[in-house]
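Residue numbers for the sequence shown follow our numbering, so the first one is 45 and each next one is one higher. Cβ atoms here follow ideal geometry from the backbone N, Cα and C, with glycine treated the same way. Given the structure is predicted, the values throughout are model-derived calculations rather than measurements.
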Amino acid sequence: MARVAFIGLGRMGHGMAGRYLDAGFTVTVWNRSRAKAEDLIARGAQWATSPEDAAIDADAVVTMVADDEASREVWLGKDGAATTMKAGTLAIECSTVSYAHALQLSRELHARSLIYLDCPVTGLPDAAASGKLTLLVGANAADLDKARPFLAPLSTTIRHFGEVGTGTVYKLINNLMGAIQIAGIAEGLAIAEQAGLDIKLVLEAIESGVAASPQVVRHSKRMAARKFDGATFTASLRHKDAAYAVALAESLLADTPLMGRAAVAAYVRGKSAAPDDDEAKMIEIVSRPK
Numbered sequence: 045m046a047r048v049a050f051i052g053l054g055r056m057g058h059g060m061a062g063r064y065l066d067a068g069f070t071v072t073v074w075n076r077s078r079a080k081a082e083d084l085i086a087r088g089a090q091w092a093t094s095p096e097d098a099a100i101d102a103d104a105v106v107t108m109v110a111d112d113e114a115s116r117e118v119w120l121g122k123d124g125a126a127t128t129m130k131a132g133t134l135a136i137e138c139s140t141v142s143y144a145h146a147l148q149l150s151r152e153l154h155a156r157s158l159i160y161l162d163c164p165v166t167g168l169p170d171a172a173a174s175g176k177l178t179l180l181v182g183a184n185a186a187d188l189d190k191a192r193p194f195l196a197p198l199s200t201t202i203r204h205f206g207e208v209g210t211g212t213v214y215k216l217i218n219n220l221m222g223a224i225q226i227a228g229i230a231e232g233l234a235i236a237e238q239a240g241l242d243i244k245l246v247l248e249a250i251e252s253g254v255a256a257s258p259q260v261v262r263h264s265k266r267m268a269a270r271k272f273d274g275a276t277f278t279a280s281l282r283h284k285d286a287a288y289a290v291a292l293a294e295s296l297l298a299d300t301p302l303m304g305r306a307a308v309a310a311y312v313r314g315k316s317a318a319p320d321d322d323e324a325k326m327i328e329i330v331s332r333p334k
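If you want it as structure tokens, here you go:
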């Protein structure tokens, strides 16, 4: 079988790497902490000492890391994967990065004769582990065709938005809209609670009303129940994605993106108070007395 190097074994990456094992690929993994790889190693994955080591003889290198800085380091750092990747190898970036970074990374990897796709994903960790993510791809059509066998274990839903960078653009739009909705529902529920409304009735009204969306419905229930189980993004990651999206908006829109800026400001508070906690804790941050 083809060889895949998978770099980054966080909440999403761990399940994604497992999908390649399930599909019978030869899989080499690297993560800053080996402890997160132990069960994958027990299932047959090979441990690498660095991204550079992981990429040796790989047919595709797939990364799922936190941000621009981490992405640049695992691809182009002194022990980066690109150091040992053969010409023609697929470089599949599934991390949510900034648009500027996606374009720059593409240029630098193409200069090394590597095939780059930006392929951020939507879906929760259970979808990552079961191969039910949605893949948001920016790539040359021929490059995407070459990559399809390496994307199939992750999902049967591929949305190809166009050339390199377009998948990242849509992912930033998606996550900015999520940030706006989650911050909004936290504020709305806090108002309802402080005003003494029947929260059960409020939730019923939200779910059947025009403001409902899958994001709003799911988070409103969790916020009202104070159920912070880590099933979604952390405040820190949501802040990062919203900030990347606002930077893109500022480069494209004539007027200041007010809603985006408000969401970033809300998540600055969330990041400061509980950076690594479930972002649904925004309800507690909003509800704090002055």
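The Cβ atoms of A286 and A236 lie no closer than 9 Å to each other.
If you look at F194, you'll find it in the alpha helix (DSSP H) that goes 185-195. The straight-line gap separating the alpha-carbon atoms of A183 and A114 is approximately 22 Å. Nearest to V106 by C-alpha distance, out of A249, G59, D321, is G59.
Close CB contacts of N219 within its chain, under the 6 Å cut and outside five residues either way in sequence, are with D285 (chain order).
Counting of Cβ neighbours within 10 angstroms places V254 among the exposed residues, the total staying below 16. Secondary structure of A234 (DSSP, three-state): helix. The beta-carbon distance between A99 and A49, rounded to whole angstroms, is 5 Å. This is short enough to meet the 8 Å contact definition. Linking P301 to A289 through their CA atoms gives a straight-line distance of about 10 Å. Out of P95, A173, L188, the CA that lies nearest to the CA of T128 is found in P95.
In the DSSP assignment, the residues bridged to F50 are V73, V106.
Note on the stretch 258-316: whole alpha helix (DSSP H) runs with a minimum of 4 residues are 258-268, 279-296, in chain order.
The C-beta separation of D162 from A144 comes to about 12 Å, leaving the pair out of contact by the 8 Å criterion. The three-state reading of DSSP puts D112 in helix, counting H, G and I together. Within the DSSP secondary-structure output, L180 pairs in a beta bridge with R203. Within its own chain, the residues whose Cβ lies closer than 7 Å to the Cβ of E294, once the five positions on either side in sequence are excluded, are P301, listed in chain order. W91 is bridged by DSSP to V73. Excluding the 5 residues flanking it on each side, A126 has same chain C-beta neighbours closer than 7 Å at W119, L120, L153, R156, L158, in chain order.
Annotation: L198 to T212 spans about 17 Å, alpha carbon to alpha carbon.
Taken through DSSP and simplified to helix, strand or coil, L168 comes out as coil. It is roughly 38 Å from the alpha-carbon of V312 to the alpha-carbon of V71. At a Cβ-Cβ threshold of 9 Å, H263 and I226 count as neighbours.
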